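First the structure, in the form of structure tokens, and then the observations on it.
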Amino acid sequence: GVGEVRRAVREQVRNGANHIKIMAGGGVSSPTDPIDGTQFSVEELRAAVEEAEAANLYALAHAYSPRAVTRAVQAGVRSIEHGNLIDETTVREMKRHGAFFVPTLATYAALADEGARLGWSATMLDKLRVVQDRGIQAVKLAREEGVPVVFGTDLLGHMHERQNSEFLLRAPAVSPLELLQSATIVAARMMRRESEIGQLVPGAFADLLVVDGDPTVDAGVLSDPARSIRLLIQGGRTIRGSLTA
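Counting in our numbering, the sequence shown runs from 1 upward without gaps.
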């Protein structure tokens, strides 16, 4: 109900959340809910967004299907996470409402390799195949419509080491420069932090990478950080460095 949603969001804000994530539709790893189903009423979605905005935060939504994505952005959700099943009508609605899009292609590639070993059921693996097959098309649709596309992975546990594979997985749909921007300035804009992160400007945090290659030409440079990142500075502090004179 609307009242319980408001209470839940306020509780998250009180606990220090800096954004509110809504499950606006079914999930791949959920054992029973349909991937194309919706969760929460429109009134509940709007209540969550209102409470987030009241705290100067924003709401984002896990959603796959056109119906789930459309309902979420119409309720005021700022970004859509996953969104593999979106169509042309959906991306136009996302564009109209100024929503961002955060695909997570690396998740499905990793789970396709490891899902069965991790004990995933046949139903869960079937849902995985459905969304994996549509992921790159969703990225192409969003890009063609001009919806801002942000770098994200959604990887868990030991699979987190695959994070940078997302750069290569998106390469058939996005230019290397756009890929780099999706992980820097576009992501910063989505989080409303472009004055602090995502670009090299006075007053921003000194988060810097020196890489062996040109990521604006070759997306593979960022896909293998162990090999290509020669210097990593976070907040002005050197975290890792292998530069030689």
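Every residue gets a Cβ at the ideal spot worked out from N, C-alpha and C, and that includes glycine.
Treat the numbers as computed from the prediction; the structure is a model and nothing was measured.
In the DSSP output, what is residue i paired with across the bridge?
i: leucine 141; result: Note: leucine 141 sits in no beta bridge, so no partner.
i: arginine 240; result: Leu232
i: threonine 90; result: Note: threonine 90 sits in no beta bridge, so no partner.
By DSSP, does residue i sit in helix, in strand, or in coil?
i: leucine 149; result: Per the sequence shown, the amino acid found at residue 149 is valine instead of leucine. Three-state DSSP puts valine 149 in a strand.
i: glutamate 194; result: coil
i: leucine 200; result: coil
i: histidine 97; result: coil
i: arginine 78; result: coil
i: glycine 135; result: helix
i: leucine 156; result: coil
i: leucine 85; result: coil
i: isoleucine 22; result: strand
i: threonine 123; result: helix
i: threonine 32; result: coil
Alpha carbons only, please: which of the options is nearest the one belonging to residue i?
i: leucine 45; options: Gln163, Leu60 and Gly213; result: Leu60
i: threonine 104; options: Val77, Leu57, Ala72 and Leu156; result: Leu156
i: phenylalanine 214; options: Ser223, Arg78 and Glu43; result: According to the sequence provided, residue 214 is aspartate. The question's phenylalanine does not apply to it. For aspartate 214, the nearest C-alpha among the options comes from Ser223.
i: glycine 26; options: Ala106, Ile20, Asn84 and Gly3; result: Asn84
Is the beta carbon of residue i less than 9 Å from the beta carbon of residue j?
i: leucine 209; j: isoleucine 185; result: no
i: proline 148; j: arginine 189; result: yes
i: alanine 109; j: serine 165; result: yes
i: alanine 72; j: isoleucine 35; result: no
i: glutamate 81; j: histidine 97; result: no
i: arginine 247; j: threonine 38; result: Nothing about residue 247 can be read from this structure; the chain reaches only from 1 to 245.
i: leucine 168; j: aspartate 87; result: no
Report task. Decide if the segment 114-133 is in contact with the segment 161-179; the criterion is three or more beta carbon pairs, one per stretch, under 8 Å apart. Result -> Touching, no, given that fewer than three Cβ pairs across the two stretches are closer than 8 Å.
Query raised in the report: Counting Cβ pairs closer than 8 Å, one from the segment 37-51 and one from the segment 8-17, do we hit at least three?
Result: yes
Query raised in the report: Is there contact here, the segment 111-125 with the segment 91-101, by at least three beta-carbon pairs under 8 Å?
Result: These segments do not touch.
Query raised in the report: How do the segment 193-202 and the segment 152-170 stand: do at least 3 beta-carbon pairs fall below 8 Å, yes or no?
Result: no
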